[in-house]
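Per UniProt numbering, numbering through the sequence shown is continuous, rising by one, with the last residue being 821. Take a look at the structure below.
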Amino acid sequence: MSDEQYDPRAVQDKWQAVWAELEPFKAVEEDDGRERRYALDMFPYPSGDLHMGHAEAFAIGDVPARYWLQKGFNVLHPIGWDSFGLPAENAAIKRNSHPAEWTYANIDTQAGSFKRYAASFDWSRRLHTSDPEYYRWTQWLFLRFYERGLAYRKGGHVNWCPNDQTVLANEQVVGGHCERCGALVEKRVLTQWYFKITEYADRLLDDMAQLEGKWPERVLLMQRNWIGRSTGADVDFVIEGRDAPVTVYTTRPDTLYGATFMVVAADAELAEEICAPEQRTAFEAYREEVSRESEIERLSTERDKTGVFLGRHAINPVNGERIPVWASDYVLAEYGHGAIMAVPAHDQRDLDFALKFGLPVRTVVDTGEPDPGQTGVATAGDGRIVNSGPINDLSKADGIATIIEILARQGNGKASVNFRLRDWLVSRQRFWGCPIPIIHCDACGEVPVPDDQLPVRLPENLRGADLSPKGTSPLAAAADWVNVECPKCGGAAKRDTDTMDTFVDSSWYYYRYCSPDYTDGPFDVEAVRKWGPVDQYTGGVEHAILHLLYSRFFTKVLHDMGMVDFTEPFTRLLNQGQVILNAKAMSKTTGNLVDLGQQIDEFGVDVVRLAMLFSGPPEDDIDWADVSPHGMSKFLSRVHRIASEVASDAGVDPSAGSVDLRRVTHRTISEATMLVEAERFNVAISRIMELVNATRKAIDSGPGAADPAVREAAETITILLSLFAPYTAEDAWSLLSRTAPVIKAGWPTADPALLVQESVTCVVQVAGKVKDRLEIPPDISDADLEAQALASPKVQEALNGAGIAKVIVRAPKIVNIVPQR
1 MSDEQYDPRA VQDKWQAVWA ELEPFKAVEE DDGRERRYAL DMFPYPSGDL
51 HMGHAEAFAI GDVPARYWLQ KGFNVLHPIG WDSFGLPAEN AAIKRNSHPA
101 EWTYANIDTQ AGSFKRYAAS FDWSRRLHTS DPEYYRWTQW LFLRFYERGL
151 AYRKGGHVNW CPNDQTVLAN EQVVGGHCER CGALVEKRVL TQWYFKITEY
201 ADRLLDDMAQ LEGKWPERVL LMQRNWIGRS TGADVDFVIE GRDAPVTVYT
251 TRPDTLYGAT FMVVAADAEL AEEICAPEQR TAFEAYREEV SRESEIERLS
301 TERDKTGVFL GRHAINPVNG ERIPVWASDY VLAEYGHGAI MAVPAHDQRD
351 LDFALKFGLP VRTVVDTGEP DPGQTGVATA GDGRIVNSGP INDLSKADGI
401 ATIIEILARQ GNGKASVNFR LRDWLVSRQR FWGCPIPIIH CDACGEVPVP
451 DDQLPVRLPE NLRGADLSPK GTSPLAAAAD WVNVECPKCG GAAKRDTDTM
501 DTFVDSSWYY YRYCSPDYTD GPFDVEAVRK WGPVDQYTGG VEHAILHLLY
551 SRFFTKVLHD MGMVDFTEPF TRLLNQGQVI LNAKAMSKTT GNLVDLGQQI
601 DEFGVDVVRL AMLFSGPPED DIDWADVSPH GMSKFLSRVH RIASEVASDA
651 GVDPSAGSVD LRRVTHRTIS EATMLVEAER FNVAISRIME LVNATRKAID
701 SGPGAADPAV REAAETITIL LSLFAPYTAE DAWSLLSRTA PVIKAGWPTA
751 DPALLVQESV TCVVQVAGKV KDRLEIPPDI SDADLEAQAL ASPKVQEALN
801 GAGIAKVIVR APKIVNIVPQ R
């Protein structure tokens with residue numbers, strides 16, 4: 001068969017129809033003796049058709065699923081859609097339609113593209129988070145969190161996106177901007193719903209020990225930094241004119257004697273409470289100014305320090321000194337208790353503030369560096385404690401321990417642990433999300449919707465302009481939906497009009513896949529015990545904090561509820577890089593875009609998949625400008641041609657065939673197996689290419705197409721290639737007279753006897769020039785190899801009687817003989 005007879009598009013159409021009928025990727029629920037494996041790809045969002053990023057991510061995620069099937073495991077590889085969210089709502093506003101119309105149309109488009117792309121999904125488990133059958137259980141989980149005190153409502157400063165007209169969790173603010181639309185985020189005071197993720201902060205950190213070596217280290221580091229556990233002390237400062245003391249958290253209580261003033265966050269309630277009457281006008285003007293600043297601006301070390309004296313003094317608990325209390329923007333209301341003790345000699349921001357406003361600077365740690373009050377440079381290192389009464393001359397560690405003992409004895413301080421992590425703000429002022437199942441009654445307060453009234457469905461009559469952002473949820477305008485009877489007293493009440501953050505939906509979807517039609521709970525507990533946790537999770541590193549942290553939190557809560565018997569949801573994590581073009585991110589607006597559909601139409605699915613996987617390690621970025629689809633197309637054509645030329649019968653004993661080709665085949669099996677398990681897919685493909693070359697040579701100039709070793713090599717190529725280019729592999733398998741799908745073939749096993757090299761070629765050089773090649777045992781000693789090399793007639797001829805200055809032996813590969821001059 002000639003290369004031209006291989007038509008990748010015809011092959012796709014043929015086998016896609018066969019797979020749809022056979023359902024070879026359907027997981028078996030019953031125990032059939034096979035070990036189970038769970039391969040999961042991160043939830044796609046239905047914003048149009050698949051793009052190049054999808055092509056890479058889902059090709060990478062497909063490899064372990066297909067590999068495990070070949071290895072004989074019972075594999076769960078499901079698919080669904082994270083289908084609530086702002087893009088659908090914004091599209092509905094633009095089109096004067098309902099968000100569901102845009103959402104489900106896009107889902108149908110993507111589903112067709114996924115099937116075309118040959119992803120090995122079990123389509124019987126498909127789900128969408130915007131289906132009432134799904135979000136009923138999101139609401140059920142919310143109520144279980146509420147019962148456990150993990151879902152609560154409070155007022156306070158929140159992140160507000162003025163463009164999307166909704167609040168954002170801290171994790172959704174990147175550099176002071178909305179992570180979705182890029183708008184500069186504002187601070188507002190609102191009453192919102194939160195999940196108490198801080199209750200699990202220690203466990204979220206400590207359980208990372210289970211993930212070491214299995215998750216990318218940079219992801220673990222990002223989560224550790226975001227949780228931000230630090231140890232120190234809570235210190236109580238009495239503020240004149242206030243009955244209750246103000247608690248300040250510090251990681252360096254050993255520097256308390258150097259605290260010469262206190263700073264309160266300008267937007268903290270404490271600042272407003274303690275501000276003296278004569279300072280009220282100045283303070284309110286300053287607070288208004290701060291409200292217009294982003295968090296990143298406030299924390300910048302480059303900005304000139306600003307603040308206002310609150311007209312109050314606090315008492316330093318260790319020396320009784322009166323220190324002034326200021327309000328400033330460089331302290332955040334959410335940090336610690338919203339107030340800090342300022343130790344200007346040893347903190348640069350405190351020092352900058354002190355020098356700006358003429359406040360005292362007192363050195364209490366002697367680091368051997370010049371006086372910060374003179375240099376303007378804080379000394380933040382460790383050293384000998386000075387000017388600190390009972391802890392003078394102690395080290396940092398001893399000083400911290402001693403001062404905490406003193407504070408505890410006096411009743412004005414204690415050891416404490418603080419976290420950067422804040423509770424997860426989950427309520428949103430938008431329509432297209434899961435309604436919060438709480439009813440507000442003037443008489444009864446917050447009343448959970450009874451379980452038998454779930455799901456609280458979204459109203460279907462709101463469309464287009466009704467959904468436009470107004471600063472409050474569009475649901476508030478649906479009077480017939482909002483006004484209800486209180487489930488507790490029967491009186492007039494109102495539904496909560498906020499919807500949940502879509503990250504709530506995606507924090508537990510992987511459990512629903514285990515039993516997508518289950519009606520007695522969010523998932524069948526026994527099914528999750530059989531399938532969970534996820535063995536391999538594949539997706540982008542952009543979810544390193546948000547989605548992964550929230551999913552880990554959900555899993556720990558579900559574990560405490562007795563619903564799962566593990567504490568980490570994803571055993572292994574693989575992050576893919578980005579697909580870029582000419583070293584820049586792809587974008588429609590800049591014209592720097594490659595259309596996936598066009599690439600598939602031109603080259604076929606297998607070429608695109610193989611090109612993606614061959615371009616480098618999964619975690620590296622792919623520059624499509626450097627990829628060679630034409631080269632991949634020629635390679636697949638060669639594979640197809642080899643399969644068509646095999647002349648021996650299926651099932652023939654390969655042991656009678658060419659030993660040389662069999663050695664290459666079994667070495668490829670051994671190396672490809674190790675490389676796939678190490679997620680080095682590009683190198684595994686390279687090994688397959690080497691076997692194709694060896695097989696082509698055996699057909700053309702070796703034992704020929706009828707040699708049983710050629711069939712063994714061709715079948716091996718086909719099975720290995722099925723992980724990466726499934727359509728071509730399936731067609732090649734058929735050409736090899738195999739009837740069952742190649743996915744049922746079973747992963748080949750390397751024969752250890754054929755992996756042993758009987759001889760290797762050793763290069764012998766004289767004066768740096770190759771003079772002979774010796775076939776020698778691979779385990780030959782240096783001495784024996786040197787003796788054979790010196791005995792070579794070609795070497796003796798090259799030496800021509802000259803003495804030998806040195807012999808360098810690197811057994812079994814090379815001998816270099818240096819003659820005397």
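C-beta: ideal position from N, C-alpha, C; glycine also. Values in this document were obtained by computation on a predicted structure and should not be read as measured data.
As assigned by DSSP and simplified to three states, the class of residue i
{"i": "Glu4", "result": "Below a pLDDT of 50, predicted positions are generally treated as unreliable, and Glu4, at 46, falls in that range; the measurement from the model is reported next regardless. Reduced to three states, the DSSP call for Glu4 is helix."}
{"i": "Met262", "result": "strand"}
{"i": "Ser587", "result": "strand"}
{"i": "Val815", "result": "strand"}
{"i": "His640", "result": "helix"}
{"i": "Glu542", "result": "helix"}
{"i": "Leu723", "result": "coil"}
{"i": "Trp15", "result": "helix"}
{"i": "Gln765", "result": "strand"}
{"i": "Glu212", "result": "coil"}
{"i": "Arg512", "result": "helix"}
Cβ-based neighbour list, residue i, same chain, cut-off 7 Å, excluding 5 preceding and 5 following
{"i": "Asp3", "result": "Below a pLDDT of 50, predicted positions are generally treated as unreliable, and Asp3, at 44, falls in that range; the measurement from the model is reported next regardless. Hits under 7 Å: Ser637, Arg641."}
{"i": "Leu211", "result": "Leu220, Glu568"}
{"i": "Ala802", "result": "Pro819, Gln820"}
{"i": "Val564", "result": "Val528, Gly532, Thr555, Leu558"}
{"i": "Gln757", "result": "Pro778"}
{"i": "Glu293", "result": "Asp329"}
Residue j beta carbon less than 8 Å from that of residue i
{"i": "Leu720", "j": "Ile688", "result": "yes"}
{"i": "Arg224", "j": "Leu205", "result": "yes"}
{"i": "His77", "j": "Phe145", "result": "no"}
{"i": "Val263", "j": "Ile315", "result": "no"}
{"i": "Gly540", "j": "Gln576", "result": "yes"}
{"i": "Val646", "j": "Ile717", "result": "no"}
{"i": "Trp815", "j": "Glu775", "result": "In the sequence as presented, Trp is not what sits at residue 815; that position holds Val. Going by C-beta atoms, Val815 is not nearer than 8 Å to Glu775."}
{"i": "Pro245", "j": "Asp234", "result": "no"}
{"i": "Ala65", "j": "Ala39", "result": "yes"}
{"i": "Pro132", "j": "Arg428", "result": "no"}
{"i": "Gly311", "j": "Glu272", "result": "no"}
{"i": "Trp81", "j": "His128", "result": "yes"}
Residue i: first and last residue of the uninterrupted beta strand (DSSP E) it sits in
{"i": "Asn575", "result": "573–576"}
{"i": "Thr250", "result": "246–250"}
{"i": "Thr166", "result": "166–168"}
{"i": "Ala493", "result": "492–495"}
{"i": "Ser737", "result": "Unbroken run through Ser737: none, as it is neither H nor E."}
{"i": "Arg349", "result": "Unbroken run through Arg349 is the alpha helix (DSSP H), 348–357; no beta strand (DSSP E)."}
{"i": "Tyr194", "result": "186–195"}
{"i": "Phe309", "result": "307–315"}
{"i": "Asn693", "result": "Per DSSP, Asn693 belongs to no beta strand (DSSP E); it is in the alpha helix (DSSP H), 681–701."}
For residue i, the first and last residue of its enclosing alpha helix (DSSP H)
{"i": "Met612", "result": "605–614"}
{"i": "Thr379", "result": "Thr379 -> no alpha helix (DSSP H), and no H or E assigned at all."}
{"i": "Pro277", "result": "Premise fails: Pro277 is in no alpha helix (DSSP H) and is neither H nor E."}
{"i": "Arg218", "result": "217–227"}
{"i": "Glu89", "result": "86–95"}
Beta-carbon proximity list for residue i, same chain, < 6 Å, skipping 5 on both sides
{"i": "Cys444", "result": "Cys486, Lys488, Cys489"}
{"i": "Trp15", "result": "Tyr727, Glu730"}
{"i": "Ser722", "result": "Ala729, Val742"}
{"i": "Ser468", "result": "Ile93"}
CB contact below 8 Å: residue i versus chain D
{"i": "Thr247", "result": "The structure shown contains no chain D; it is built from a single protein chain."}
Sequence-distant residues of the same chain with beta carbon closer than 8 Å to residue i, five excluded per side
{"i": "Lys214", "result": "Thr571, Arg572, Leu573"}
{"i": "Val482", "result": "Leu475, Ala476, Lys494, Arg495, Thr497"}
{"i": "Asn387", "result": "Tyr257, Gly258, Arg362, Thr363, Val364"}
- Task: Could you tell me whether the stretch 505–520 touches the stretch 533–553, using the rule of 3 or more Cβ pairs below 8 Å?
- Result: The way I'd put it, the stretch 505–520 does touch the stretch 533–553; three or more beta-carbon pairs between them come closer than 8 Å.
- Should the stretch 730–739 be called in touch with the stretch 656–664, which here means at least 3 C-beta pairs below 8 Å? With the cut-off at 8 Å, the stretch 730–739 and the stretch 656–664 do not touch.
- Query: Would you call the stretch 194–205 and the stretch 416–436 in contact, with 3 or more CB pairs under 8 Å?
  - Reply: Segments in contact, yes.
- Query: At a cut of 8 Å, does the stretch 359–377 reach the stretch 338–348 through at least three beta carbon pairs?
  - Reply: The answer is yes - the stretch 338–348 touches the stretch 359–377, with three or more Cβ pairs under 8 Å.
- Message: Could you check whether the stretch 610–630 touches the stretch 677–685, counting it as contact only if at least three pairs of C-beta atoms, one from each stretch, sit closer than 8 Å?
- Response: The stretch 677–685 and the stretch 610–630 touch, with three or more beta-carbon pairs separated by less than 8 Å.
- Would you say the stretch 539–553 touches the stretch 579–586, given that touching needs at least three Cβ pairs under 8 Å? No, the stretch 539–553 is not in contact with the stretch 579–586.
- Between the stretch 264–272 and the stretch 375–393, do at least 3 Cβ pairs fall closer than 8 Å? The stretch 264–272 is not in contact with the stretch 375–393.
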